[in-house]
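J.:
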Amino acid sequence: MEQATPQKRQAALSFIFITLLIDVIGLAIIIPVFPNLIEKLIHGNLSEASKYSGLLLVAYSVMQFLFSPLIGNLSDKYGRRPVLLLSLLGFGVDYLFLAFAPTIGWLFVGRIIAGITGASFTTASAYIADVSTPEKRAQNFGMIGVAFGLGFIIGPVIGGILGKMDTHYPFYAAAALALLNAAYGYFILPESLDKEHRRESDIKRANPLGSLL
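When we follow the working numbering, the leftmost residue of the sequence shown carries the number 91, and every step to the right adds one.
1. List in chain order: all unbroken alpha helix (DSSP H) runs of 4+ residues lying wholly within the stretch 186 to 268.
2. Using DSSP with H/G/I as helix, E/B as strand and the rest coil, what is Asp166?
3. Residues in the same chain with beta-carbon distance under 8 Å from Tyr276, minus the five sequence neighbours each way, listed in chain order, please.
4. Label Ala228 either buried or exposed according to how many other C-beta atoms from any shown protein chain fall within 10 Å of its C-beta, with 16 as the threshold for buried.
5. So Ile128 and Ser143 are in contact, right, with Cβ under 8 Å, and what is the actual spacing, rounded?
6. Would DSSP call Leu179 helix, strand or coil?
7. For Leu279, which residues in the same chain have their Cβ closer than 6 Å to its Cβ, ignoring the five residues on either side in sequence?
8. Taking Leu131 as part of the alpha helix (DSSP H), name the residues at either end of that continuous run.
9. My assumption, with CB atoms under 8 Å, is that Leu131 sits in contact with Ile203. Please give the rounded CB distance.
10. Whole-angstrom Cβ separation of Ala272 and Leu110, contact assumed at under 8 Å?
11. What did DSSP end up calling Leu103 once you bin it into helix, strand or coil?
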């Protein structure tokens, strides 16, 4: 971040913390109602829903594994800001797919989209490294753990309350959080990686197995 003042650094870090917190809340807010939604879509019981829930988690995790290095590579080339905003949009689209899904297939599409774009934690970590002074780096990275902790406390509580009203409400709330944060970031979030510090794409770094080769 060019000639960043302490105030600008703090504002950027505050946004990153809020972004991480909202992402985790969005993930956790659907936990109480996700099995019920799957049951309705497959017209089955809780045991069958658990199997599909596991498959959806696998689909998300595989996409994360395959695409996180690529997304990280893109953030090195084009900057952190566009990648973070893309990730937030991806989460928002995912939650909308989950909210309006008429069939179980839509859930898989949504989870795949979220897995592909959901590299916000990796990119957020890179952003924190970009804007942190050496003496503050460890403290600033601690925000990630705080965001995870708070998110997984707040998210299920909100999801449980909204889920009692309607199964779909937690998904609407998660989508709204992600999309509002993306809109906020579009106007507020500065780029942290100066053009002179960016690097060209590297196939090995974009390869999920690159570090093992």
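Even glycine gets a Cβ: it sits at the ideal position worked out from N, Cα and C. Computed from a prediction, not measured in an experiment: that's the story for all the values here.
T.: Looking at the coordinates:
1. Runs of the alpha helix (DSSP H) spanning 4 or more residues and lying entirely within the stretch 186 to 268 occur at 194 to 207, 210 to 221, 227 to 255, in chain order.
2. As a position in the sequence shown, residue 166 is number 76, starting the count at 1. Note: Asp166 maps to helix in three-state DSSP.
3. Position 186 of the sequence shown, counted from the first residue, corresponds to residue 276. Taking Tyr276 as the centre and dropping the five residues before and after it, the same chain places the C-beta of Leu175 closer than 8 Å to its C-beta, in chain order.
4. Residue 228 sits at position 138 when you count from the first residue of the sequence shown. Burial call: exposed.
5. Here residue 128 corresponds to residue number 38 of the sequence shown, with the count starting at 1. Here residue 143 corresponds to residue number 53 of the sequence shown, with the count starting at 1. Correct: roughly 6 Å between the Cβ atoms.
6. Position 89 of the sequence shown, counting from 1, holds the residue named residue 179. Assigned with DSSP and collapsed to three states, Leu179 falls in helix.
7. Here residue 279 corresponds to residue number 189 of the sequence shown, with the count starting at 1. Here the set comprises Phe105, Arg171.
8. The sequence position of residue 131 within the sequence shown is 41, counting from 1. It spans 124 to 132 - the alpha helix (DSSP H) in which Leu131 sits, taken as one unbroken run.
9. Counting from 1 along the sequence shown, the entry for residue 131 is found at position 41. Counting from 1 along the sequence shown, the entry for residue 203 is found at position 113. Not confirmed; about 17 Å, so no contact.
10. As a first step, residue 272 must be located in the sequence shown, where it is residue number 182. As a first step, residue 110 must be located in the sequence shown, where it is residue number 20. Going by Cβ atoms, the distance from Ala272 to Leu110 rounds to 14 Å, so no, they are not a contact pair.
11. Working through the sequence shown from its first residue, we reach residue 103 at position 13. Looking at Leu103 - three-state DSSP - the assignment turns out to be helix.
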